[in-house]
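Sequence lines, in order, name chains A and B. Quick note on this note's numbering: the first sequence kicks off at 1 and runs consecutively. Quick note on this note's numbering: the second sequence kicks off at 1 and runs consecutively. C-beta: ideal position from N, C-alpha, C; glycine also.
Protein chains: 2
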Amino acid sequence: MCGIVGYIGDGQATPILLEGLKRLEYRGYDSAGVALYEDGKLQIRKTKGRLTALEDLIKRECVAGSVGIGHTRWATHGEPSDINAHPHVNSKGTIAVVHNGIIENYMYLKERLQQEGYKFVSDTDTEVIAQLIDYFYKGDILDAVINAVSRLEGSYALAILSTYEPDKVIAVRRDSPLIVGLGEDGNYLASDIPAILKHTRNVYILEDGEIAVLTRDKVTVLDSLGKEIKKEVFEVKWDVEAAEKGGYQHFMLKEINEQPKAVRDTLAGRLPDGSDVKLDDIKLSADDINKINKIFIVACGTAYHAGLVGKNLIERLAKIPVEADIASEFRYRDPLVDEHSLTIVISQSGETADTLAAMREAKKKGSRILAVTNVVGSSVAREADDVLYTWAGPEIAVASTKAYTTQLVSMYLLAIKLGLERGTITEDYAEMLKSELRQLSEKIQKILDNQDTVQKLADNNYTAKDVFFLGRGLDYSVSMEGSLKLKEISYIHSEAYAAGELKHGTLALIENGTLVIALVTQKHLYDKMLSNIKEVTTRGAHVIAVALESMREIEKAVDDVIYIPDCAEEVAPVLAVIPLQLLAYYMAVARGCDVDKPRNLAKSVTVE
Amino acid sequence: MCGIVGYIGDGQATPILLEGLKRLEYRGYDSAGVALYEDGKLQIRKTKGRLTALEDLIKRECVAGSVGIGHTRWATHGEPSDINAHPHVNSKGTIAVVHNGIIENYMYLKERLQQEGYKFVSDTDTEVIAQLIDYFYKGDILDAVINAVSRLEGSYALAILSTYEPDKVIAVRRDSPLIVGLGEDGNYLASDIPAILKHTRNVYILEDGEIAVLTRDKVTVLDSLGKEIKKEVFEVKWDVEAAEKGGYQHFMLKEINEQPKAVRDTLAGRLPDGSDVKLDDIKLSADDINKINKIFIVACGTAYHAGLVGKNLIERLAKIPVEADIASEFRYRDPLVDEHSLTIVISQSGETADTLAAMREAKKKGSRILAVTNVVGSSVAREADDVLYTWAGPEIAVASTKAYTTQLVSMYLLAIKLGLERGTITEDYAEMLKSELRQLSEKIQKILDNQDTVQKLADNNYTAKDVFFLGRGLDYSVSMEGSLKLKEISYIHSEAYAAGELKHGTLALIENGTLVIALVTQKHLYDKMLSNIKEVTTRGAHVIAVALESMREIEKAVDDVIYIPDCAEEVAPVLAVIPLQLLAYYMAVARGCDVDKPRNLAKSVTVE
């Protein structure tokens with residue numbers, strides 16, 4: 001995720017761009033920049049750091065002009081730095097581009113352009129776009145843009161400004177959001193509505209493949225073939241605060257609903273046809289992989305729960321013993337880590353103090369480190385030997401949702417990779433799993449489309465005093481995450497239990513009306529789970545099951561069921577957690593809790 | 001633990017003995033037997049099974065007489081069987097012995113007697129006593145007994161009946177309880193008061209080394225040198241129910257208070273001088289031990305918590321990777337167990353269905369099995385390759401206490417054994433740990449002597465709605481057990497947390513007045529724990545710390561402190577859990593809960 005803005009009109013562009021970027025900082029904040037057209041030249045100001053750093057820079061090095069584009073970045077390709085900040089320009093300095101998204105074939109395009117003599121200065125995929133437009137420029141900037149974007153694979157929202165036709169800002173999108181604001185004194189462009197709400201409430205919401213050409217007094221929208229289309233004006237009724245949350249009541253709900261995209265982005269380019277998986281940033285050779293005799297997965301909180309699923313999957317697929325451990329415990333217990341170990345650390349922010357400390361401990365003992373993180377250039381990413389990025393975009397809500405599902409997806413990618421390299425799974429099996437992964441995004445959407453059901457259950461049960469989550473195997477790991485969500489935001493004391501373990505003590509807590517959430521997505525454990533459900537229903541528990549669509553007969557055994565689409569049981573965690581996130585969210589809302597900022601908690605825990 | 005009874009008087013002995021044994025069944029119930037003197041001969045009736053099996057046998061094969069001894073067994077040496085049931089007799093059938101305790105040097109004595117031509121029919125240590133008395137018999141049975149017991153090492157309460165002087169029952173004890181009842185129509189002998197309460201309330205409570213000679217109208221008590229001493233008559237004021245619990249309000253409290261003895265018994269004979277540990281029933285050779293490349297510890301509930309301590313200790317001392325797992329999860333996750341694995345299963349009853357199933361799964365995969373159990377001849381013990389018995393005696397209360405501490409002790413014994421065999425610890429270190437283990441029993445007693453403090457804290461806090469237990473490292477494992485105890489018997493929803501992990505989510509549940517129990521016994525984690533305590537106190541939590549005596553400065557940081565005696569941090573779990581057991585107990589009592597039989601739970605879970 002990144003934020004982009006654009007302006008062309010009668011006023012000064014700089015304050016409008018900076019104000020717009022401020023409203024988009026939730027989409028990224030590791031670097032920022034603007035490009036304005038002034039006196040026949042493009043003036044670029046860009047810098048690493050939050051938006052205030054850019055403001056300071058502009059104070060020192062003023063820039064004027066009534067047309068410009070701007071960007072606030074959440075690094076994907078290339079760490080946060082002045083050079084990698086947007087806008088990016090072609091070598092001649094005549095075309096400036098800001099970009100939100102990931103160009104999957106940028107390496108191929110970059111090499112081709114290098115053969116043509118193009119020189120690159122940054123590590124980004126975006127610079128390739130500027131050069132590619134240059135390559136296609138034959139006197140008509142719009143033609144050049146249309147030609148260039150037709151060669152791009154991946155996701156993008158782009159704003160382009162050139163010295164060739166400085167009275168135009170061109171915008172185009174695919175799989176990344178972009179809107180056009182229709183103002184009195186000019187026209188606007190932005191990733192999201194809050195950026196322009198101060199100036200206008202009339203917007204075009206661009207669809208995939210559409211191209212908008214903004215001039216001072218007009219906006220033309222073309223389809224991907226270059227034919228003009230008539231767009232309907234959408235009148236924004238939200239206030240600024242609601243607009244920042246995309247119309248959702250809370251960032252958490254917004255982020256829950258972003259999961260189809262986050263999962264798709266994290267898989268993008270990594271699942272080529274056939275059985276292979278492609279993990280660019282991982283330099284582990286086949287030989288390295290075969291030498292690993294033990295894997296440690298070390299993390300905290302939600303990321304630790306993703307690690308538990310990782311343990312299960314890696315052991316199952318790659319037959320390497322895996323130990324998942326809480327970072328604050330791992331660090332102080334002198335674990336048996338050595339140079340044949342691989343330590344996988346998982347941290348959304350990449351700055352979690354406990355995880356960092358544990359990682360350094362493992363490194364000192366000679367272990368190779370593989371980081372799974374959401375933040376390019378974070379401490380964890382910098383210090384690890386290999387990095388597998390989740391592409392969830394910035395997560396604002398304290399309670400993690402889309403970071404978790406993308407961490408899960410990373411575990412699958414890794415497990416398949418390791419299994420294939422070690423020859424412990426067949427190619428057929430790998431292809432089956434890949435096909436299941438490709439379907440996840442759509443299946444998550446299907447669950448989200450049905451969130452009313454979950455909300456209704458939440459409204460009926462939000463007064464619960466204690467809640468127990470039950471599951472076996474992978475369902476147990478997901479239970480732990482479901483329970484943590486509920487605790488974090490609703491302050492209900494909930495606890496997850498391996499379903500078979502309940503009778504060894506905690507069953508004493510079950511009394512008439514106790515709420516139990518039972519996860520039933522593992523077909524081979526279905527009968528055992530039914531027995532455990534029976535144990536609690538006979539003690540009077542009120543049971544909500546999360547089950548596969550094909551398990552309709554479970555309705556006889558429980559009070560309520562939330563169904564998730566059928567899937568291979570290996571990938572069920574990614575689907576099963578969605579209703580649990582929603583349940584926690586709606587129960588917390590019903591209880592009147594401050595969902596996005598739960599008491600006592602911080603988003604990223606940078607103290608031990 | 002076993003139960004013994006004796007009677008000599010004017011009435012029929014059989015019903016008196018059977019009635020007495022019934023009252024002692026809580027001490028053991030795997031086999032039972034009686035010996036009576038009738039027509040110049042000893043009549044023995046004994047059988048495997050509960051007391052009803054003996055009653056049936058006696059109905060079929062009547063036995064009469066006014067002098068006799070009886071026994072209900074909890075197997076230690078030799079599995080439950082007709083042959084191993086007590087009484088045991090010498091080969092001539094002239095001396096019958098019933099025994100409660102463990103003779104540590106019985107193998108040595110047995111071999112010596114075999115060299116003298118004695119033949120043995122059972123696997124028990126008790127048969128050795130009968131033969132040894134025979135060996136020393138030179139015309140005076142009392143002399144023979146005194147000579148024999150002076151050769152015994154270990155613990156025993158004995159009742160002896162012989163054809164040589166059939167108007168006498170001789171009784172002697174060391175480290176196992178024994179009382180004499182002074183009746184109108186005869187005199188009585190028993191392991192515990194309830195067995196004789198129907199007949200008399202006047203008793204002698206025998207002390208270590210004392211010998212009692214019972215005749216029909218008199219009881220003489222001698223000291224270990226054979227000199228008569230004057231005993232004071234103790235008048236029992238308890239009713240039968242209270243007497244069964246040794247005067248305690250509940251079995252659980254009785255069993256908590258039995259822990260010094262249970263720990264001592266479990267260590268008995270296993271800690272010879274020097275660095276070695278002696279584990280008779282473990283046939284693992286040095287070679288076997290060196291070939292182990294992975295250990296799995298598999299158990300349920302409380303036993304699983306002991307396994308977590310085992311993991312820490314074995315990894316620390318023997319440098320073998322250990323994975324502790326919940327049995328019901330282990331079984332179904334296709335764990336990476338093979339012929340180089342050692343699987344340690346822990347089960348008090350030895351019949352826990354989940355543990356049994358997990359054990360069979362591991363066995364099928366080629367793993368060697370080592371069982372830690374409290375019940376000789378149990379399924380787990382029979383099917384394992386090696387057995388390490390805990391000598392806690394029967395545990396009646398559903399909430400396990402003395403079984404846990406003896407399981408912990410077993411983990412230490414194993415860890416030291418493995419560490420020595422693999423050369424990963426020095427002999428000095430082993431000796432240090434052994435010395436710490438030897439001191440445990442006394443230190444537990446010191447904590448128990450101070451239980452008023454804990455009771456007071458329980459009385460002040462029993463209305464708590466939610467309780468959190470915090471600890472790091474070994475303290476975390478103990479926290480889990482403390483939390484489980486509280487849940488099981490008080491029905492308070494409590495949860496244990498790795499102290500460093502709390503801030504990654506659950507901290508949201510801490511509000512003004514929330515009760516937090518913080519374990520602080522690990523010196524190297526002291527500062528970190530203090531920070532975590534600070535995190536909760538600043539949110540208003542009421543904190544009770546369990547800390548070492550030498551950590552007085554902790555008083556400044558918390559509301560209350562329960563001190564345990566200073567000790568090496570490795571063995572601290574055995575001490576730290578005692579106040580947690582007491583706290584759970586007294587809070588449950590204050591809440592009016594049925595402590596010994598908590599709702600929904602069974603003592604030994606023989607279903608999955």
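Residue range of the alpha helix (DSSP H) that includes residue i
i         : result
B:Gln-445 : 427 to 449
A:Ile-554 : Unbroken run through A:Ile-554: none, as it is neither H nor E.
A:Ile-58  : 51 to 60
A:Thr-406 : 402 to 422
A:Ala-498 : Premise fails: A:Ala-498 lies in the beta strand (DSSP E), 493 to 498, not in any alpha helix (DSSP H).
B:Glu-611 : This structure cannot speak to residue 611 of chain B, because chain B is shown only from 1 to 608.
A:Asp-619 : Chain A is shown only over 1 to 608; residue 619 of chain A falls outside these bounds and no answer can be derived.
B:Thr-14  : 13 to 23
A:Val-478 : 474 to 490
B:Asp-287 : 286 to 291
Where residue i falls, given that 16 or more other Cβ within 10 Å makes a residue buried
i         : result
B:His-339 : Looking at the sequence provided, one finds Glu at residue 339 of chain B rather than His. Flag for B:Glu-339 reads exposed.
B:Tyr-106 : buried
A:Ile-554 : buried
B:Asp-56  : exposed
B:Lys-456 : exposed
B:Lys-138 : exposed
B:Thr-266 : buried
A:Asp-475 : buried
B:Val-149 : buried
B:Ile-193 : buried
Rounded straight-line distance, which links the Cα of residue j to that of residue i
i         : j         : result
A:Asp-125 : A:Glu-549 : 41 Å
B:Leu-132 : B:Val-172 : 15 Å
A:Leu-575 : B:Ala-371 : 40 Å
B:Ile-282 : B:Val-409 : 16 Å
B:Pro-87  : B:Arg-45  : 8 Å
A:Ile-83  : A:Asp-239 : 36 Å
B:Asp-596 : B:Ile-517 : 23 Å
B:Trp-74  : A:His-524 : 40 Å
B:Ala-64  : B:Tyr-29  : 24 Å
A:Met-359 : A:Asp-325 : 12 Å
A:Gly-314 : A:Lys-417 : Residue 314 of chain A is actually Ile in this sequence, not Gly. Distance between the alpha carbons of A:Ile-314 and A:Lys-417 is about 10 Å.
Where the beta strand (DSSP E) containing residue i begins and where it ends
i         : result
B:Gln-43  : 41 to 48
A:Tyr-389 : 386 to 389
B:Gly-582 : The amino acid occupying residue 582 of chain B in the given sequence is Leu; Gly does not appear at that position. Per DSSP, B:Leu-582 belongs to no beta strand (DSSP E); it is in the alpha helix (DSSP H), 572 to 590.
B:Leu-182 : 179 to 182
Minimum Cβ-Cβ distance from residue i to chain D less than 7 Å
i         : result
B:Asn-600 : Judged by its chain identifiers, the structure shown contains no chain D, and its protein chains are A and B.
beta-carbon residue i near the ligand COA non-hydrogen atom, thresh 6 Å
i         : result
A:Ala-590 : The ligand COA is not part of the structure shown, which contains no ligands of any sort.
Problem set entry | Start-end ranges of the alpha helix (DSSP H) lying completely within the region 296 to 377 of chain B, minimum 4 residues | Counting only runs of 4+ residues, the alpha helix (DSSP H) found wholly inside the region 296 to 377 of chain B occupies 301 to 318, 327 to 330, 353 to 364, in chain order.
Problem set entry | Start-end ranges of the alpha helix (DSSP H) lying completely within the region 186 to 254 of chain A, minimum 4 residues | For the region 186 to 254 of chain A, the continuous alpha helix (DSSP H) assignments of 4+ residues that do not extend past its boundaries occur at 240 to 244, in sequence order.
Problem set entry | Members of the region 504 to 518 of chain A near chain B, C-beta cut-off 7 Å | Result list: His-504, Gly-505, Thr-506, Leu-507, Ala-508, Leu-509, Ile-510.
Exercise. Unbroken beta strand (DSSP E) runs of length 3 or more, entirely within the region 76 to 154 of chain A: which are they?
Worked result: Counting whole runs of 3 or more residues, the region 76 to 154 of chain A contains the beta strand (DSSP E) stretches 95 to 103.
For this session: Scan the region 470 to 501 of chain B for residues whose Cβ lies nearer than 7 Å to a Cβ of chain A and list them as they occur along the chain.
Result: So the list reads Arg-472, Gly-473, Tyr-476, Leu-484, Lys-487, Glu-488, Tyr-491, His-493, Glu-495, Ala-498, Gly-500, Glu-501, given in the order they occur along the chain.
Problem set entry | Members of the region 412 to 446 of chain A near chain B, C-beta cut-off 8 Å | Those residues of the region 412 to 446 of chain A that come within reach of chain B (Cβ to Cβ, closer than 8 Å) do not exist; the list is empty.
Exercise. For the region 327 to 344 of chain B, which residues have a beta carbon sitting closer than 9 Å to at least one beta carbon of chain A?
Worked result: Residues of the region 327 to 344 of chain B with a Cβ closer than 9 Å to any Cβ of chain A, in chain order: Ala-327, Ser-328, Glu-329, Arg-331, Tyr-332, Arg-333, Asp-334, Pro-335, Leu-336.
Exercise. What are the complete beta strand (DSSP E) segments, minimum 3 residues, inside the region 509 to 538 of chain A?
Worked result: Entirely contained in the region 509 to 538 of chain A, the beta strand (DSSP E) runs reaching 3 residues are, in chain order, 515 to 520.
Exercise. Looking at chain A, which residues of the region 343 to 361 of chain B have a Cβ within less than 7 Å of any of its Cβ atoms?
Worked result: Near chain A, meaning a CB-to-CB distance below 7 Å, the residues of the region 343 to 361 of chain B are Asp-354.
Problem set entry | Short-range partners of chain A found in the region 222 to 235 of chain B, where Cβ spacing is below 8 Å | Answer in chain order: no residues at all.
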